[in-house]
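Enquirer: I'd like to ask you about the structure that follows.
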Amino acid sequence: MKRILIIGLVLLLGACGLARTRSMDAQGADSFEGDVRAARTLTEEFWKQNFQQLGLTYRPITDFVPYSGKSGPNCGNQPAAPNNAFYCPAGHFIAYDQDWMESLWNEMGDGSVYVIIPHEFGHAVQAQLQTNFELNVQKELQADCYAGGTLSALVSSGALKAQSGDEDELLLSLDSAGDPTDDWLNPSAHGTAEQRQASFATGWRNGVGTC
Ligand SMILES: [Zn+2]
Numbered sequence: 671m672k673r674i675l676i677i678g679l680v681l682l683l684g685a686c687g688l689a690r691t692r693s694m695d696a697q698g699a700d701s702f703e704g705d706v707r708a709a710r711t712l713t714e715e716f717w718k719q720n721f722q723q724l725g726l727t728y729r730p731i732t733d734f735v736p737y738s739g740k741s742g743p744n745c746g747n748q749p750a751a752p753n754n755a756f757y758c759p760a761g762h763f764i765a766y767d768q769d770w771m772e773s774l775w776n777e778m779g780d781g782s783v784y785v786i787i788p789h790e791f792g793h794a795v796q797a798q799l800q801t802n803f804e805l806n807v808q809k810e811l812q813a814d815c816y817a818g819g820t821l822s823a824l825v826s827s828g829a830l831k832a833q834s835g836d837e838d839e840l841l842l843s844l845d846s847a848g849d850p851t852d853d854w855l856n857p858s859a860h861g862t863a864e865q866r867q868a869s870f871a872t873g874w875r876n877g878v879g880t881c
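Residues in the sequence shown are numbered consecutively from 671, following this note's numbering.
Structure (structure tokens):
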């Protein structure tokens, strides 16, 4: 299944044909912390401008909380799960297990950070647009689509560089993006890997407006 995904994103990003280097961001942030910071800043800047164009005002998240293992902040009555990143509507914040995310960054490269963080910001946007969903999977797939649209916009603007090698990073990362309130291993929770890839691709090709 992973191989199908990788081939798909090679097709998706293959046209970029840029030289292989480690870092995806144009500023050359090569530390994990630098990539996390850049992913947050660039994603919020993107949405701020996008909301502006729609005549709306983007409300920045109130906090961006790194945690380790089980030490994460509660969301309502829900404890933070290890090995996760999540958006909490109750406090309008994003939290992430920094050890888990850093291990993905080490194993898969910085693309993992540039998918997971925009995915979670996608949920922060859904909360502001008060989008209603019948099924959780629809919410998750739209967040994947938002992540794809955010990333392609950032590549177009020159804030990020898509390079050969990023494609498998990005798609493997889709498999890893998680929320504490649902089990991402359960296909019905976040959608199948193919659905997630297709949704990410829609955003990537056509922009967040088509999500
Ligand atoms: Zn999610």
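C-beta atoms are modelled at their ideal positions from N, C-alpha and C, and glycine is treated no differently.
Since we're looking at a predicted model, the values are computed, not measured.
Let's see if you can read the secondary structure: which residues bound the alpha helix (DSSP H) around P788?
Expert: To locate residue 788, count along the sequence shown from 1; it is residue 118. Run containing P788: G781 to L799, per the alpha helix (DSSP H) assignment.
Enquirer: Give me the Cα-Cα distance between L679 and K831, rounded to the nearest whole angstrom.
Expert: In the sequence shown, the residue the question calls residue 679 occupies position 9. In the sequence shown, the residue the question calls residue 831 occupies position 161. Any answer about L679 is weak, because its pLDDT of 44 lies below 50 and its placement is not dependable; what the coordinates show is given next. Cα to Cα, L679 sits roughly 15 Å from K831.
Enquirer: Give me the Cβ distance between A817 and F870, rounded to the nearest whole Å; I'm assuming they're in contact under 8 Å.
Expert: As a working note, residue 817 is residue 147 in the sequence shown. As a working note, residue 870 is residue 200 in the sequence shown. With a Cβ gap of about 6 Å, A817 and F870 count as contacting.
Enquirer: For Q865 and V795, I'd like the C-alpha separation in whole angstroms.
Expert: Walking along the sequence shown from the start, residue 865 turns up at place 195. Walking along the sequence shown from the start, residue 795 turns up at place 125. Their Cα atoms are separated by approximately 21 Å.
Enquirer: According to DSSP, is A760 part of a helix, a strand, or is it coil?
Expert: Here residue 760 is taken as the residue at index 90 of the sequence shown, counted from 1. It is coil, neither helix nor strand.
Enquirer: May I ask you to check if the CB of A755 is nearer than 6 Å to at least one heavy atom of ligand 1?
Expert: Position 85 of the sequence shown, counted from the start, is the residue given in the question as residue 755. No - ligand 1 has no heavy atom lying nearer than 6 Å to the Cβ of A755.
Enquirer: Shorter than 6 Å, the distance from the beta carbon of E810 to the closest heavy atom of ligand 2, or not?
Expert: As presented, the structure is devoid of ligand 2, carrying ligand 1 as its sole ligands.
Enquirer: Taking a contact to mean a Cβ-Cβ separation below 7 Å, would you say I786 touches A823 in this structure?
Expert: Indexing the sequence shown from 1 puts residue 786 at position 116. Indexing the sequence shown from 1 puts residue 823 at position 153. Their beta carbons are not under 7 Å apart, which means I786 does not touch A823 by this criterion.
Enquirer: Could you name the residues of the same chain whose beta carbon sits closer than 7 Å to that of R710, not counting the 5 residues immediately before and after it, in chain order?
Expert: Along the sequence shown, read from residue 1 onward, the residue named residue 710 stands at position 40. Around R710: F734 and I787.
Enquirer: May I ask whether a heavy atom of ligand 1 can be found less than 6 Å away from the beta carbon of A868?
Expert: To locate residue 868, count along the sequence shown from 1; it is residue 198. Incorrect: A868 has no Cβ contact closer than 6 Å to ligand 1.
Enquirer: Measuring only from the beta carbon, is A813 closer than 6 Å to any heavy atom that is part of ligand 1?
Expert: Position 143 of the sequence shown, counting from 1, holds the residue named residue 813. The answer is yes for A813.
Enquirer: Any idea what DSSP makes of F734, helix, strand or coil?
Expert: To locate residue 734, count along the sequence shown from 1; it is residue 64. Three-state result, F734: strand.
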